[in-house]
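What follows is a set of notes on a single structure, which appears directly below.
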Amino acid sequence: MRGRKPTPQAGTLARTRLAALPRCPPHLSPVAQKEWRRLATPLHEAGLLTLADRAALAAYCQAYGRWVEAEEHLSRTPTLIKAPSGYVQQSPWLTVANKQMEVMGRYMTELGLTPVARTRLDMSMDAQHDPITRIELVAVYTDENGERQESPIDQGHTARRRDSAEPEIRRIELDERL
Numbered sequence: 001m002r003g004r005k006p007t008p009q010a011g012t013l014a015r016t017r018l019a020a021l022p023r024c025p026p027h028l029s030p031v032a033q034k035e036w037r038r039l040a041t042p043l044h045e046a047g048l049l050t051l052a053d054r055a056a057l058a059a060y061c062q063a064y065g066r067w068v069e070a071e072e073h074l075s076r077t078p079t080l081i082k083a084p085s086g087y088v089q090q091s092p093w094l095t096v097a098n099k100q101m102e103v104m105g106r107y108m109t110e111l112g113l114t115p116v117a118r119t120r121l122d123m124s125m126d127a128q129h130d131p132i133t134r135i136e137l138v139a140v141y142t143d144e145n146g147e148r149q150e151s152p153i154d155q156g157h158t159a160r161r162r163d164s165a166e167p168e169i170r171r172i173e174l175d176e177r178l
């Protein structure tokens, strides 16, 4: 499926059973558990982590743990090694590190852990709280008695409007696709 990815709706499950802070799965490596503890609370407080998202965060944390392990091995071994056949090839640890970084990148986007993902989330949250569905142009003035008056403005705002007994009201409806 092509096109823009749908944005998660932060905070929509605020009062449900799914809203509880998920516990760290016991099968994660120690490094992955540390990453879980670093991320779970801030994501939960932002409304981006529920029990339904536990597996996604666990997968990210496990990929992070494997990436750290591979990088530690790479710091002690060369990046390129000579195979028994004599060919030079990249270290298997480099392959593991690259693959885990790729997996982490996908989950970081889904969990809102990148600047672009956070921007997408902020836009959806702003639109959720302050939707604009209609704009009405109104002239505001003080009449001869000193009282505030409002008169709708349309594209044909001319002297003819002053002569009419009933003001014509035109409203501009915004297309929902905007």
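Going by UniProt numbering, the residue at position 137 of the sequence shown is 137; the numbering climbs one at a time, nothing skipped.
Each residue gets a CB set at the ideal place from its N, CA and C atoms; glycine is no exception.
As the structure is a prediction and not an experimental result, all values here were calculated from the model.
{"Asked": "So what's P42 in DSSP terms, helix, strand or just coil?", "Found": "helix"}
{"Asked": "Output needed for L28: all residues of its chain with C-beta closer than 8 Å, excluding positions within five of it in sequence on either side, in chain order.", "Found": "W36, A58, C61, Q62 and G65"}
{"Asked": "What is the DSSP secondary structure of L94, counted as helix, strand or coil?", "Found": "helix"}
{"Asked": "Look at the alpha carbon of R76 and the alpha carbon of W67, and state the distance between them as a whole number of angstroms.", "Found": "15 Å"}
{"Asked": "Under a three-way DSSP split, which group does R23 fall into?", "Found": "coil"}
{"Asked": "Where does the unbroken alpha helix (DSSP H) through R76 begin, and where does it stop?", "Found": "R54 to R76"}
{"Asked": "State the DSSP-derived secondary structure class of P84, mapped to helix, strand or coil.", "Found": "coil"}
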